[in-house]
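Data block below; observations after.
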Amino acid sequence: MADGAVLLRGFARADEQVLLAALREITAAAPFRHMVTPGGYQMSVAITNCGDVGWVTDRSGYRYDAVDPGSGKPWPAMPSAFRALAARAAAEAGFPAFAPDACLINRYEPGARLSLHQDRDERDFASPIVSVSLGLPAIFLFGGLKRSDKPQRYRLEHGDVVVWGGPSRLFFHGVAPLADGEHALHGRVRVNLTFRRAR
Ligand code: SIN
Ligand code: FE2
1176 MADGAVLLRG
1186 FARADEQVLL
1196 AALREITAAA
1206 PFRHMVTPGG
1216 YQMSVAITNC
1226 GDVGWVTDRS
1236 GYRYDAVDPG
1246 SGKPWPAMPS
1256 AFRALAARAA
1266 AEAGFPAFAP
1276 DACLINRYEP
1286 GARLSLHQDR
1296 DERDFASPIV
1306 SVSLGLPAIF
1316 LFGGLKRSDK
1326 PQRYRLEHGD
1336 VVVWGGPSRL
1346 FFHGVAPLAD
1356 GEHALHGRVR
1366 VNLTFRRAR
């Protein structure tokens, strides 16, 4: 896709049942919720997390927090199947020894979108971002270092994994409004797992 950015088609397909089962456990303990941006807008994407820390947003800003603000308890642990998949994908893309401590889980219903942004709330930009797409297909927008760089458009399907790091670690990216549909395993949603080394 770019220097440091790789699209691994179908890389997570073989793990789909294990990922779904783990996802159900996580969301039973830490349900999806719509958070509010610092600007006061409610996100159309619903989120939850697993791992040592989770990405959260509210009126005071974006940050990583060890505690789920919804329950007051730590986020669910990162399942070993999640960790292993992320490390394998990173290695395949040229980033050996990726050890994520955070996994942001995004749920898109039809119409939900994610505007262009950089992932820059992490302390460590040496580690890549590993993004696993599950469920309905989406158009992933992948730009450059400047917000004004015209994004390329990639159709991401169930099981596709995108890794970006090195020279493209801070590239702007986003997701176009989700088209309606029905996925055999996940139903009427797209779920995206993004693995990061936050701390
Ligand atoms: C993100 O940028 O956090 C998610 C990207 C995606 O859903 O593909
Ligand atoms: Fe992102």
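Numbering (this note's numbering), first residue to last: 1176 to 1374. For glycine and all other residues, C-beta sits at the position ideal for the given N, C-alpha and C. All of these numbers come straight from a predicted model, not from anything done at the bench.
For Thr1369, the Cβ falls inside the 7 Å cut-off from some heavy atom of the ligand FE2. Here the alpha carbon of His1209 sits roughly 11 Å from the alpha carbon of Tyr1283.
The Cβ-Cβ distance between Asp1243 and Ala1301 does not fall below 8 Å. Contact holds between the stretch 1286-1296 and the stretch 1343-1355, because three or more Cβ pairs, one in each stretch, are under 8 Å apart. At a cut-off of 7 Å, the beta-carbon of Asp1294 counts as near the ligand FE2: some heavy atom of the ligand is closer than that. Cβ contact annotation for Glu1332 (same chain, cutoff 6 Å, sequence separation greater than five): Pro1312, in chain order. No Cβ-Cβ contact shorter than 8 Å links Ala1274 with Pro1303. A residue is called buried once 16 or more other Cβ atoms fall within 10 Å of its Cβ, and His1292, having fewer, is exposed. Beta-bridge annotation (DSSP): Trp1230 is paired with Tyr1239.
Closest in C-alpha terms to Glu1191, from the list Phe1207, Lys1248, Leu1182, Ser1308, comes Ser1308.
For Ala1266, there are no CB contacts under 6 Å within the same chain when 5 residues up- and downstream are skipped.
A check of alpha carbon separations from Asp1276 across Tyr1329, Leu1368, Leu1316 identifies Leu1368 as the nearest.
Cα atoms of Ile1201 and Gly1215: separation of roughly 27 Å, rounded to the nearest angstrom. If you check the CB distance, Phe1315 and His1348 come in under 8 Å.
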